[in-house]
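Novice: Have a look at the structure that comes next, please.
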Amino acid sequence: MDWNRLTPGLGLMALGFAILAVAAALEAQIVLSGEYGESYLNADLTRLSMVPWALGFVFLGYGLDHPEVLWDRTRGRRVLATYLLFADGGIHLLAIGEHVDLAAVVFFVVLTPFQLIGAWSMMNARPWYLRGWLYAGLVLIALYIASRLTVVPFVSQQYRVEPLGILAKAIEGLLVLVLATELWALHRSERQASTRTPATQS
Numbered sequence: 116m117d118w119n120r121l122t123p124g125l126g127l128m129a130l131g132f133a134i135l136a137v138a139a140a141l142e143a144q145i146v147l148s149g150e151y152g153e154s155y156l157n158a159d160l161t162r163l164s165m166v167p168w169a170l171g172f173v174f175l176g177y178g179l180d181h182p183e184v185l186w187d188r189t190r191g192r193r194v195l196a197t198y199l200l201f202a203d204g205g206i207h208l209l210a211i212g213e214h215v216d217l218a219a220v221v222f223f224v225v226l227t228p229f230q231l232i233g234a235w236s237m238m239n240a241r242p243w244y245l246r247g248w249l250y251a252g253l254v255l256i257a258l259y260i261a262s263r264l265t266v267v268p269f270v271s272q273q274y275r276v277e278p279l280g281i282l283a284k285a286i287e288g289l290l291v292l293v294l295a296t297e298l299w300a301l302h303r304s305e306r307q308a309s310t311r312t313p314a315t316q317s
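For the sequence shown, the residue numbers in the numbering used here are 116 to 317.
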């Protein structure tokens, strides 16, 4: 084993992911036991506080090992998109225990790992990858609005507008804006490069 790779940042990230794993176990226990009563409400504050702490440890650890993400102006939008996508995944981890319908639970169980893992590929991703997450953000926002205005197929639960959902949609809206800005900047740089190339050759 290369002990030089065991950095303080890696330790903090491991701690953050361990807390996320505990939060996921709590969500699974709530779903499998079907306990949505008083015990569920008493544990709600604990559940809500675990994810922000976990995200804080992960972000701090990543920043310690990769200080360029803290002040890299050329990739600032990608840095922000990485944090936003990871934060949205953390919120959706909490959402697993907020739903009683199997279709909704399965949706968030599948979505959350995709977001948490996909965030790490954001820094060096190609435009098609950024575009895919932009569309995904729009779909998530549209699904949220639809679930509050009408009955969604395969879901019988009545959904209300709650602070956690509003926070998730705000993060997704900002993610869409950041990715759209990054894609536009990439498009402009490609156009400028293509216009300079003929002039250089002549």
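C-beta atoms are modelled at their ideal positions from N, C-alpha and C, and glycine is treated no differently.
Using the Cα positions of residue 206 and residue 192, report the straight-line distance between them to the nearest angstrom.
Specialist: 21 Å
Novice: Check each candidate in 219, 246, 233 and 135 and name the one with the smallest Cα separation from residue 296.
Specialist: Looking at the Cα atoms, 246 is the closest of the given residues.
Novice: Does the region 120-129 touch the region 173-183, meaning 3 or more C-beta pairs lie closer than 8 Å?
Specialist: Three or more beta-carbon pairs separated by less than 8 Å link the region 173-183 to the region 120-129, which places the two stretches in contact.
Novice: To the nearest whole angstrom, what separates the beta carbons of residue 248 and residue 289, a pair I think is in contact under 8 Å?
Specialist: At roughly 13 Å, the Cβ-Cβ gap does not stay under 8 Å, so residue 248 and residue 289 are not in contact.
Novice: Can you give me the Cβ contacts of residue 168 inside the same chain, cut-off strictly under 7 Å, excluding the 5 residues immediately before and after it?
Specialist: Contacts found: 134.
Novice: Quick check on residue 204: buried or exposed, where buried means 16 or more other Cβ atoms within 10 Å of its Cβ?
Specialist: When all chains shown are included, residue 204 counts as buried.
Novice: Check whether the Cβ atoms of residue 138 and residue 166 lie closer than 8 Å to each other.
Specialist: Result yes, Cβ atoms of residue 138 and residue 166 sit closer than 8 Å.
Novice: Measure the C-alpha to C-alpha separation of residue 251 and residue 123 and round it to an integer number of angstroms.
Specialist: So the two alpha carbons sit approximately 34 Å from each other.
Novice: Rounded to whole angstroms, what is the Cα-Cα separation between residue 265 and residue 275?
Specialist: 11 Å
Novice: Once the 5 residues before and after residue 230 are set aside, which same chain residues still bring their CB inside 8 Å of it?
Specialist: 200, 201, 203, 204 and 207
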